[in-house]
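Structure first, commentary second.
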Amino acid sequence: ESTLGAAAKQSGRYFGVAIAANRLNDSTYSTIANREFNSVTAENEMKIDALQPQRGQFNFAAGDRVYNWAVQNGKQVRGHTLAWHSQQPGWMQNLSGGALRQAMVDHINGVMNHYRGKIVEWDVVNEAFADGNSGARRDSNLQRSGNDWIEVAFRAARAADPSAKLCYNDYNVENWNAAKTQAMYAMVRDFKQRGVPIDCVGFQAHFNDGSPYNSNFRTTLQSFAALGVDVSVTELDIQGASPTTYGNVVNDCLAVTRCLGITVWGVRDTDSWRSHHTPLLFNGDGSKKPAYNGVLNAL
Ligand code: XIL
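Next comes the structure, spelled out in structure tokens:
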């Protein structure tokens, strides 16, 4: 196959990209995005601050731009993200306790109702665990509303759109030996045992010199899949963009039957949130980097 999406499709998987709505008018950008990828995540446009800037007033304009571009071009869409400590609108940052809990559920209902039946995978909860060796939850207004906030979010999400796969998504959880990975594993195992509706786990896979790729990522994917959830690589970028490392990540996903697909976090290095890491598959001029071939040859 000659594109990433078509190559991934041979094994029933997707190869996706994060899209920024304000770049879709750049024809170099949209040409590559349309040609190479068959799944789309909105890089920022479906986050809480974008969709509900004022309490009770939803604005789906930018989210719909990304969604409509994807669907008009034959791509599936990952939803990102319904409950998160970051990129909350000001009004939500100021809430706590029961009022915040209600606002979280209202947000899930409002957004999932708008996109009902249209989103293949939703990141229901993003980044709830702390970095480092504690294995604890990350402190946030949501966490302080009660330890059960995550399962409350998943139950609300299931009721709002029963057709979407409901994912928990995080970073620095790719290394099987990390305390954060083990804490996330314990939560997913507990949810499956107690019937909390969770269908998938997203591994962001932002690899850099401080938190590099480790070959035990495959063990991590396999271990989560064995709990009875699908797994996805949701925000892949690799500092320096080693073709070998990119190929290893692809091989890890392909080795796990329940790995649904891979999403890279941007098109060209110049589009990246970490552009100084030159972490993506395309140069600023739109040409393919060696990492592109590392991915294509592995798919
Ligand atoms: C990043 C976006 O790429 C940036 O444009 C934005 O300024 C901040 O958020 N984990 C996530 C993503 O789940 O939503 C983040 O995206 C990157 C880290």
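Start counting the sequence shown at 2; every next residue gets the next number (our numbering). Ideal Cβ placement from N, Cα and C applies to all residues, glycine included. Every value quoted in this text rests on a predicted model; they were computed, and no experiment measured them.
With respect to the beta strand (DSSP E) encompassing Q205, which residues constitute its N-terminal and C-terminal limits?
-> One-based indexing of the sequence shown puts residue 205 at position 204. Careful: Q205 lies outside any beta strand (DSSP E) and carries neither H nor E.
Taking 8 Å as the threshold, find out whether the segment 211 to 220 comes into contact with the segment 187 to 202 through three or more Cβ pairs.
-> no
Pick from D65, N298, N173 that is closest to T245, judged by C-alpha positions = Here the question's residue 245 lines up with position 244 in the sequence shown. Closest option to T245, Cα to Cα, is N298.
Identify which residue in Q144, G287, Y293, A292 has its Cα closest to the Cα of D27.
-> Taking the sequence shown and counting its residues from 1, the one referred to as residue 27 is at position 26. Taking only the C-alpha atoms, the option nearest D27 is G287.
How would you label A9, buried or exposed, when you count the other beta carbons within 10 angstroms and need 16 or more for buried?
-> Within the sequence shown, numbered from 1, the residue matching residue 9 stands at position 8. Result: buried.
Determine, using beta carbons only, whether C201 and D231 come nearer to each other than 8 Å.
-> Residue numbering aside, residue 201 sits at position 200 when the sequence shown is read from its first letter. Residue numbering aside, residue 231 sits at position 230 when the sequence shown is read from its first letter. In this structure, C201 lies near D231, with their beta-carbon atoms less than 8 Å apart.
Return yes when the C-beta of E175 is under 7 Å from any heavy atom of ligand 1, and no when it is not.
-> Position 174 of the sequence shown holds residue 175. False, no ligand heavy atom lies under 7 Å from that Cβ.
Using alpha carbons as the reference points, say which of L300, A22, G57 lies closest to P90.
-> Working through the sequence shown from its first residue, we reach residue 90 at position 89. Closest in C-alpha terms to P90, from the list L300, A22, G57, comes G57.
Report, in whole angstroms, the separation of the C-beta atoms of D132 and N173, which I expect to be a contact under 8 Å.
-> Within the sequence shown, numbered from 1, the residue matching residue 132 stands at position 131. Within the sequence shown, numbered from 1, the residue matching residue 173 stands at position 172. Indeed they touch by this definition, with Cβ atoms about 6 Å apart.
Hey, how far is the Cα of R269 from the Cα of E122?
-> On the sequence shown, residue 269 is found 268 positions in, with the first residue counted as 1. On the sequence shown, residue 122 is found 121 positions in, with the first residue counted as 1. Those two C-alpha atoms are separated by around 24 Å.
Given a threshold of 16 other Cβ atoms within 10 Å of its Cβ, counted over all protein chains shown, does D238 qualify as buried or as exposed?
-> Position 237 of the sequence shown, counted from the start, is the residue given in the question as residue 238. D238 should be labelled buried.
V106 versus A71, H81, L143, residue with shortest Cα-Cα distance = Your numbering for residue 106 matches position 105 in the sequence shown. V106 has its Cα closest to that of L143, out of A71, H81, L143.
For S233, which option in F155, L83, E175, A7 has the closest C-alpha, if you only look at C-alpha atoms?
-> As a first step, residue 233 must be located in the sequence shown, where it is residue number 232. Checked all of F155, L83, E175, A7; the closest Cα to S233 is E175.
Can you list the alpha helix (DSSP H) stretches of 4 or more residues lying completely in the segment 5 to 33, in chain order?
-> Listed in chain order, they are 5 to 10.
Which residue from N127, F192, I120 puts its Cα closest to that of A165?
-> Taking the first residue of the sequence shown as position 1, residue 165 is located at position 164. Of N127, F192, I120, the residue nearest in Cα terms is I120.
Beta carbon of Y186: closer than 7 Å to some heavy atom of ligand 1?
-> As a position in the sequence shown, residue 186 is number 185, starting the count at 1. Because no heavy atom of ligand 1 lies under 7 Å away, the Cβ of Y186 does not count as near it: no.
Taking all protein chains shown into account, decide if H277 is buried (16 or more other Cβ within 10 angstroms of its Cβ) or exposed.
-> Taking the sequence shown and counting its residues from 1, the one referred to as residue 277 is at position 276. With fewer than 16 other Cβ atoms within 10 Å, it is exposed.
C-beta contact flag for D50 and H81 at 8 Å | Locating residue 50 in the sequence shown gives position 49, where the first residue counts as 1. Locating residue 81 in the sequence shown gives position 80, where the first residue counts as 1. When the beta-carbon positions are compared, D50 and H81 stay at least 8 Å from each other.
Just curious, the alpha helix (DSSP H) that K193 is in, first and last residue?
-> The residue you call residue 193 lines up with position 192 of the sequence shown. First-last of the alpha helix (DSSP H) with K193: 180 to 195.
DSSP puts Q240 in a beta bridge; with which residues?
-> For this step, residue 240 is matched to residue 239 along the sequence shown. Answer is none; Q240 lacks a bridge partner.
Supposed close pair A84, L96 - CB separation, criterion 8 Å | By 1-based counting over the sequence shown, the position of residue 84 is 83. By 1-based counting over the sequence shown, the position of residue 96 is 95. A84 to L96, Cβ: 13 Å. No contact.
Where N148 falls, given that 16 or more other Cβ within 10 Å makes a residue buried = The sequence position of residue 148 within the sequence shown is 147, counting from 1. Flag for N148 reads exposed.
Which class does W123 belong to by DSSP, given the choice of helix, strand or coil?
-> Taking the first residue of the sequence shown as position 1, residue 123 is located at position 122. Note: W123 maps to strand in three-state DSSP.
Where does S87 fall in DSSP's three states?
-> Walking along the sequence shown from the start, residue 87 turns up at place 86. Coil, per DSSP.
Taking all protein chains shown into account, decide if G13 is buried (16 or more other Cβ within 10 angstroms of its Cβ) or exposed.
-> As a first step, residue 13 is located in the sequence shown; it is residue number 12 there, counting from the start. Exposed, since its Cβ has fewer than 16 Cβ neighbours within 10 Å.
To which residues of the same chain is A21 closer than 6 Å at the C-beta, ignoring the five residues directly before and after it?
-> Residue numbering aside, residue 21 sits at position 20 when the sequence shown is read from its first letter. Correct list, in chain order: E44.
Please confirm whether any heavy atom of ligand 1 lies closer than 7 Å to the CB of Q240.
-> For the purposes of this step, residue 240 is identified with residue 239 of the sequence shown, where counting begins at 1. Taken from the Cβ of Q240, every heavy atom of ligand 1 lies 7 Å or farther away.
Report all residues from its chain with a CB closer than 8 Å to the CB of S243; omit the five preceding and five following residues, and keep chain order.
-> Here residue 243 is taken as the residue at index 242 of the sequence shown, counted from 1. Counting only Cβ-Cβ distances below 8 Å, and skipping sequence neighbours, we find A292, G295.
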